[in-house]
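Student:
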Amino acid sequence: MKTYRFAALALAVTASFSPAATFSESADALVSHIKDACVVYDNKDTFVQKVRFSWLEQFQMAAVQPNGSNGLHLKSGASPVNQEFRRSWLGLTADMASGTTFRTWVRIGGLPERETYAGGRTKRNFTYTSLFELWLKQNIKPVKGLSVQVGKIKSLFTMDYSMPSSSIYCIERSLIANQFAQDSNWGVDVTYAPDKENKVYVQLMANDRASASKSMTHGDVYRDGRGFKGEFGWEDRCFLILGASHKFSKSDSGYQEISAQYLHDFDNAYHGRHAKGQNYYGLGFMDAVSLGYEFKKNRFLLMSNLVSAFEQQTGNGSNNIGLELQGVYSLTPHVDLVARYTGMTGRDACKLAADRYICTQCDAESAPSWVDSVHTFYFGADFYLSAKEKNAAKWMLGVEYTTARDGGADCYNGWAFSTATRWSF
64 MKTYRFAALA LAVTASFSPA ATFSESADAL VSHIKDACVV YDNKDTFVQK VRFSWLEQFQ
124 MAAVQPNGSN GLHLKSGASP VNQEFRRSWL GLTADMASGT TFRTWVRIGG LPERETYAGG
184 RTKRNFTYTS LFELWLKQNI KPVKGLSVQV GKIKSLFTMD YSMPSSSIYC IERSLIANQF
244 AQDSNWGVDV TYAPDKENKV YVQLMANDRA SASKSMTHGD VYRDGRGFKG EFGWEDRCFL
304 ILGASHKFSK SDSGYQEISA QYLHDFDNAY HGRHAKGQNY YGLGFMDAVS LGYEFKKNRF
364 LLMSNLVSAF EQQTGNGSNN IGLELQGVYS LTPHVDLVAR YTGMTGRDAC KLAADRYICT
424 QCDAESAPSW VDSVHTFYFG ADFYLSAKEK NAAKWMLGVE YTTARDGGAD CYNGWAFSTA
484 TRWSF
């Protein structure tokens, strides 16, 4: 069966690029054949009805240019240019006749390309593997649209972070999404989506110390990042997310959608053995609210997201309020133009370190991890291989200007130029 599938794929790819086929038709056919080849089993008459592999890859390069001069605020010995395999994931999904779905995503991160600079020397990231997702989802058949998901799952807070990594329009998510993202965690998700227009969900999650939020000073966290280790640690973090969305004004030309999410982060202070916040792995704030609005009309798509977070837990900062505005215009079926504004304000409450490269390339005086306000302006273009399956393979170009203030004075101003290749099958 496997040999037959790959032989058929080879023949189909050859046929796709015959002289009689246009580029667009050939690209659509190629993507379709690759997706078909990822399905290794498909039989509706057996208990395990379908098994398919998934592969997500993103390689990117970025050049950070503070204040328009490469040497002004870079760390000693640091280059403005960095490159890395930003995303390298392999997955497996199995659908059962009982309405059960099993899914796993293995994340291979830190491949030895990205460089960081500390103490005047260059350090390449180590390679690690971790489970981004490992869950079982059960559809509750007596109630249409009701499902329960258990395992290591992705948190759904902010509009940007709720989108799959394969479908985001910018090379990196916004600072709002990165600051308030909770990565994936062990927990339970209960979702009720009776139709395509309405959705309500609740997520209760615990900490996985193997996640990106691990503290390297914690005694029982694995330190080298290698392997599939981790700890199911309710005593350090447990957070709750409530979310809902409603799509309306649907037509052939577009739609409108509103969404709301509330996150509460429980701080159990390590069962009272340490001071509040000392072993805090969570959001950084006790409560947060996200309100979103999306508008689609023909070739134009607008997304707006207002986020507010209250009662900072990890420092002496104030509350945080942030806004993201993102517009996408489809110039052609194969080309999208993207513009995004992100702004946050709050005394020592805005995480400039949520940017991928600024704080790893620049010195702490010009780019402190926490600031009072930050504003970013992103302009980019996405080029898609297939018009029908846009997220299957694309090349992205982006330029972003960031300005930040701390203590009443400018502390960082600069450009970032990025390019990335991403595919998802």
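Numbers given in our numbering equal positions in the sequence shown, counted from 1, plus 63. Each residue gets a CB set at the ideal place from its N, CA and C atoms; glycine is no exception. In this text, all values refer to a predicted model and were calculated from it rather than measured experimentally.
Going straight from the alpha carbon of residue 102 to that of residue 383, what length do you get?
Tutor: When rounded, the distance between both Cα atoms is 45 Å.
Student: Report the three-state DSSP secondary structure of residue 156 (helix, strand or coil).
Tutor: The answer is strand: DSSP assigns residue 156 an E or B state.
Student: Could you give the distance in angstroms between the alpha-carbon of residue 265 and the alpha-carbon of residue 329?
Tutor: About 15 Å.
Student: Closest to residue 307 by CA distance: which of 261, 318, 350 is it?
Tutor: Nearest C-alpha to residue 307: 261.
Student: Can you give me the Cβ contacts of residue 402 inside the same chain, cut-off strictly under 6 Å, excluding the 5 residues immediately before and after it?
Tutor: Counting only Cβ-Cβ distances below 6 Å, and skipping sequence neighbours, we find 390, 442.
Student: Could you please give the first and the last residue of the uninterrupted beta strand (DSSP E) stretch that includes residue 366?
Tutor: That run of the beta strand (DSSP E) goes 363-375.
Student: Report yes or no: do three or more beta-carbon pairs, one from the region 237-250 and one from the region 211-224, lie closer than 8 Å?
Tutor: A contact exists between the region 237-250 and the region 211-224.
Student: Three or more C-beta pairs under 8 Å: does that hold for the region 114-132 against the region 473-481?
Tutor: Yes, they touch.
Student: Within a Cβ cutoff of 6 Å, which residues of the same chain sit near residue 358, ignoring the five residues on either side of it in sequence?
Tutor: Around residue 358: 319, 365.
Student: Measure the alpha-carbon distance for residue 94 versus residue 471 and round it to whole angstroms.
Tutor: Cα-Cα distance, rounded: 52 Å.
Student: From which residue to which residue does the beta strand (DSSP E) around residue 216 run?
Tutor: Counting along the chain, the beta strand (DSSP E) containing residue 216 begins and ends at 209-217.
Student: May I ask which residues mark the beginning and end of the beta strand (DSSP E) holding residue 113?
Tutor: Looking at the DSSP string, the run of the beta strand (DSSP E) that includes residue 113 is 111-129.
Student: Once DSSP output is grouped into helix, strand and coil, what is the label at residue 267?
Tutor: Here residue 267 sits in strand by DSSP.
Student: The ligand ZN heavy atoms versus the CB of residue 425: any closer than 7 Å?
Tutor: Questions concerning the ligand ZN fall outside what the structure shown contains, since it holds no ligand whatsoever.
Student: Which stretch, first to last residue, makes up the alpha helix (DSSP H) that contains residue 241?
Tutor: First-last of the alpha helix (DSSP H) with residue 241: 238-243.
Student: Going by alpha carbons, who is nearest to residue 315 out of 350, 362, 303, 352?
Tutor: Looking at the Cα atoms, 362 is the closest of the given residues.
Student: How long is the line joining the alpha carbons of residue 372 and residue 244, rounded to whole angstroms?
Tutor: Their backbone Cα atoms lie some 12 Å apart in a straight line.
Student: Can at least three beta-carbon pairs, one atom from the region 443-460 and one from the region 404-413, be found at a separation below 8 Å?
Tutor: Flag = no, the region 443-460 and the region 404-413 do not touch.
Student: If you draw a straight line from the C-alpha of residue 466 to the C-alpha of residue 147, how long is it?
Tutor: Between residue 466 and residue 147, the C-alpha separation is close to 24 Å.
Student: One question on the structure: do residue 241 and residue 483 come within less than 8 Å of each other, judged by their Cβ atoms?
Tutor: No, Cβ-Cβ distance for residue 241 and residue 483 is not below 8 Å.
Student: Per DSSP, residue 440 is paired with what?
Tutor: Paired residue(s): 404, 464.
Student: Have a look at residue 295 and residue 302 and give me their C-alpha separation to the nearest angstrom.
Tutor: For residue 295, the predicted model reports a pLDDT of 46, less than 50, meaning its position is unreliable and no value from the coordinates is stated.
Student: Identify whether residue 327 lies in helix, strand or coil by the three-state DSSP scheme.
Tutor: Correct three-state label for residue 327: strand.
Student: By the three-class DSSP mapping on this structure, what secondary structure does residue 348 have?
Tutor: Residue 348 falls in the strand class under three-state DSSP.
Student: So, for residue 473: in the same chain, excluding its five sequence neighbours on each side, which residues have a beta-carbon less than 6 Å away from its beta-carbon?
Tutor: Excluding positions up to five away in sequence, the list is empty.
Student: Tell me whether the beta-carbon of residue 113 lies closer than 8 Å to the beta-carbon of residue 158.
Tutor: In this structure, residue 158 lies closer than 8 Å to residue 113 by Cβ.
Student: List the endpoints of the continuous alpha helix (DSSP H) containing residue 86.
Tutor: 86-101 is the extent of the alpha helix (DSSP H) around residue 86.
Student: Taking its Cβ as the centre, do 16 or more other Cβ atoms sit within 10 Å of residue 143, making it buried, or is it exposed?
Tutor: So residue 143 ends up on the buried side.
Student: Could you check whether residue 324 and residue 504 sit closer than 8 Å to each other, using their CB atoms as the reference points?
Tutor: This structure leaves residue 504 out entirely; the chain is present only between 64 and 488.
Student: Whole angstroms are fine: how far does the CA of residue 355 sit from the CA of residue 317?
Tutor: Answer to the nearest angstrom: the Cα atoms are 17 Å apart.
Student: Which residue comes first and which comes last in the beta strand (DSSP E) that contains residue 422?
Tutor: Where residue 422 is concerned, there is no enclosing beta strand (DSSP E), although the alpha helix (DSSP H) it sits in stretches over 421-424.
Student: Look up residue 224 in the DSSP assignment and say whether it is helix, strand or coil.
Tutor: Helix, per DSSP.
Student: Buried or exposed for residue 463, please, with buried defined as at least 16 other CB atoms from any protein chain shown within 10 angstroms of its CB.
Tutor: Answer is buried; the Cβ neighbour count reaches 16.
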